[in-house]
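Peer 1: Please find one structure pasted underneath; my questions will follow.
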Amino acid sequence: MPDKPEPRKNAEKKDEKPSFNDNLVVTKHSSAIGGREIKYTVTAGTMVLKEETADREKESEGEKPRAQVFFIAYVKDGARDKSKRPLTFSFNGGPGSASVWLHLGVLGPRRAALEFDGSAPPPPFKLTDNEYSLLDETDLVFIDPVSTGYSRPVEGQKPVEWHGFKKDIESVGDFIRLYTTRFNRWLSPKFIIGESYGTTRAAGLSEYLYHQHGMALNGVMLISSILDFGTADFTPGNDLPYILFVPGYAATAWYHDAVKGKRQTLQEFTAEAAKFALGEYASALLQGDALPAAERARIVEKLSHYTGISPAFIERSNLRIMDQHYFKELLRERGLTVGRLDSRFTGRDKLGVGEFAEFDPLFPQITGPYTAAFYDYVRSELKFESDLKYVISGWNIVNPWSYAQFENQHVSVSESLR
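The number in this note's numbering is simply the position in the sequence shown, starting from 1, with 130 added.
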């Protein structure tokens, strides 16, 4: 009769809680930045966010792990006085976007190699030194909010709890405090750089960090800013976005040679378009049906000139060009659409008769190079290994995103910067 098998010594007890630990890898590097070689140390990995909890009687239950946040930090070697070395935290937007775009596209010491116009080269893709990186001036920390990149809620936590305006700011803010404490950077000048929805987050963080953690920032940098959602909400009765988008339309039309008799520089043309939009055009929209016919015709012609859209379409649109209509309409006669996130790029829809573009032509150009570059970089150069999917764009994961604090109103965070 065979012996009765002994229980495994390492078997977890039913009441034993799983442990969650930081997973950090440190490597040394150098890159050519600003015409000289910069040596730096990179820390890549996850740190565990914890929250102090209490039971129903409000007795402390200690700190409980809530999420594992992935980040990549670059620290220039040789800085002796941390109080004189700036520290900048950076992230993209979405919501649902990882920080890879600012990381490997703008700010970091390494960047995805693209063609001069920003389009994708043929595979295989590669990285190159970023001569324009800010690392020669400031240390950099790229943060992936929960449910993006390699950041995940810990086992037992519901992801949906992190998918909202308030919790997102709290979790990123708590990570910034944790990093600043762990790496002893409280005396360093501190900055935040956000892009798109990341500017919304950055504004909220400036208030949250100060009131919750006593952390004062030296500056906030906003890229493709959206601080008031009313400025981009093309709904009936809200004329603000129709006015504010005109300079962007003008830049797009100028780039694609859709401006008749183009003689001005891009800067001159967009400045003139902005003056028209904030003056004559805004006044015309405010007048509504009281706008005299002759004045209406003059506005139609001017708006057509600055945007590249036909007078007939502008008339049918009641002088208002919605952004999604613009992307489809500008180059319709050429059988092309233009991008939303970068209107230099053009695409070709299956059907040319649709009202809206079928896809944003930017993504097919950048998704492949950035994805391949990141996966290779994080393993080959930074020595961080994970079999998780690195979620670069996870809108489908974080949607619906909660704006419970702004029910029945547009999200507006500019006051948080006061």
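Even glycine gets a Cβ: it sits at the ideal position worked out from N, Cα and C.
Quick caveat, the model's predicted, so the values are computed rather than measured.
1. How many Å lie between D274 and W531 at the Cα?
2. Of all the options P251, Q535, K390, which has the alpha carbon lying nearest to the alpha carbon of P499?
3. Alpha carbons only, please: which of I496, T311, R315, G469 is nearest the one belonging to Y385?
4. For the region 370 to 422, which segments carrying the alpha helix (DSSP H) assignment without a break, of at least 4 residues, lie completely within its bounds, in sequence order?
5. Given a cut-off of 9 Å on the beta-carbon distance, is the pair G215 and D269 in contact?
6. Using alpha carbons as the reference points, say which of Q198, V236, E300 lies closest to G286.
7. Are there 16 or more other CB atoms within 10 angstroms of the CB of Y262, so buried, or fewer, so exposed?
8. Would P491 and T476 qualify as a contact pair, given that the criterion is a beta-carbon distance under 9 Å?
9. Whether or not the region 510 to 519 and the region 324 to 334 are in contact is what I'm after, with contact meaning three or more pairs of Cβ atoms, one per stretch, closer than 8 Å; do they touch?
10. Evaluate contact between the region 407 to 425 and the region 365 to 384, counting only Cβ atoms and requiring at least three cross-stretch pairs below 8 Å.
11. Following the continuous alpha helix (DSSP H) through V302, name the residue where it begins and the one where it ends.
12. With contact counted as at least three CB pairs below 8 Å, one residue from each stretch, are the region 307 to 322 and the region 281 to 299 in contact?
13. Taking contact to mean at least 3 C-beta pairs separated by less than 8 Å, is the region 361 to 372 in contact with the region 342 to 350?
14. Could you give the distance in angstroms between the alpha-carbon of P225 and the alpha-carbon of K297?
15. Which value, in whole angstroms, describes the spacing of the CA atoms of A203 and F255?
16. Assign F195 to buried or exposed, taking buried as 16 or more other Cβ atoms, counted over all protein chains shown, within 10 Å of its Cβ.
17. Can you tell me whether A534 is buried or exposed, with buried defined as 16 or more other CB within 10 angstroms of its CB?
18. Going straight from the alpha carbon of K549 to that of H293, what length do you get?
19. Along the chain, where does the beta strand (DSSP E) containing S160 start, and where does it finish?
20. Could you pull out every residue in the same chain whose Cβ sits closer than 7 Å to the Cβ of T382, ignoring the five residues on either side in sequence?
21. Are K206 and E193 closer than 9 Å when you measure CB to CB?
22. Could you tell me which residues DSSP pairs with T183 in its beta bridges?
23. What is the C-beta distance between E325 and L232, in whole angstroms, given that I count them as a contact (C-beta under 8 Å)?
24. Quick one: what's got a C-beta closer than 6 Å to S523's C-beta in the same chain, skipping five residues either side?
25. Straight-line CA distance for I84 to L257?
26. Tell me the DSSP secondary structure of F321 in three-state form.
27. Figure out for me which residue from A362, L396, V528 has the closest Cα to the Cα of V453.
28. Please determine, among D304, L154, T183, A162, the residue with the shortest C-alpha to C-alpha distance to V172.
29. Please report how far the alpha carbon of D259 lies from the alpha carbon of S447, in whole angstroms.
30. So who's on the other strand from K251, going by DSSP bridges?
31. Kindly indicate the opening and closing residues of the beta strand (DSSP E) around R446.
32. If you draw a straight line from the C-alpha of I527 to the C-alpha of Q539, how long is it?
33. For Y280, which of G208, V236, V178, D358 has the nearest alpha-carbon?
34. Leaving out five residues before and five after N140 in sequence, what residues of the same chain have Cβ atoms less than 8 Å from its Cβ?
35. Hey, out of D304, F313, G482, L357, whose CA is closest to Y327's CA?
36. Relative to the alpha-carbon of E537, which residue among D266, V350, F359 has its alpha-carbon at the smallest distance?
Peer 2: The answer reads as follows:
1. 16 Å
2. P251
3. G469
4. 370 to 374, 376 to 385, 396 to 406, 412 to 417
5. The sequence shown places Arg at residue 215, not Gly. Cβ distance < 9 Å, so R215 and D269 count as in contact.
6. Q198
7. exposed
8. yes
9. no
10. yes
11. 295 to 312
12. no
13. no
14. 12 Å
15. 23 Å
16. Here residue 195 is Pro; the residue named in the question, Phe, does not match the sequence. Result: buried.
17. exposed
18. Nothing about residue 549 can be reported from this structure: the residues present for the chain run from 131 to 548 only.
19. 153 to 163
20. L460, V468, S473
21. no
22. G192
23. 6 Å
24. S227
25. Nothing about residue 84 can be reported from this structure: the residues present for the chain run from 131 to 548 only.
26. strand
27. Here residue 453 turns out to be Asp, not Val, going by the sequence shown. Closest by alpha carbon: A362.
28. L154
29. 47 Å
30. The amino acid at residue 251 is misidentified as Lys; the sequence shows Pro. According to DSSP, P251 bridges with nothing at all.
31. Element bounds for R446: not the beta strand (DSSP E) but the alpha helix (DSSP H), 441 to 446.
32. 24 Å
33. V178
34. Unreliable positioning characterises N140 in this predicted model, as indicated by a pLDDT of 43, which lies under 50. A coordinate reading is not provided.
35. L357
36. F359
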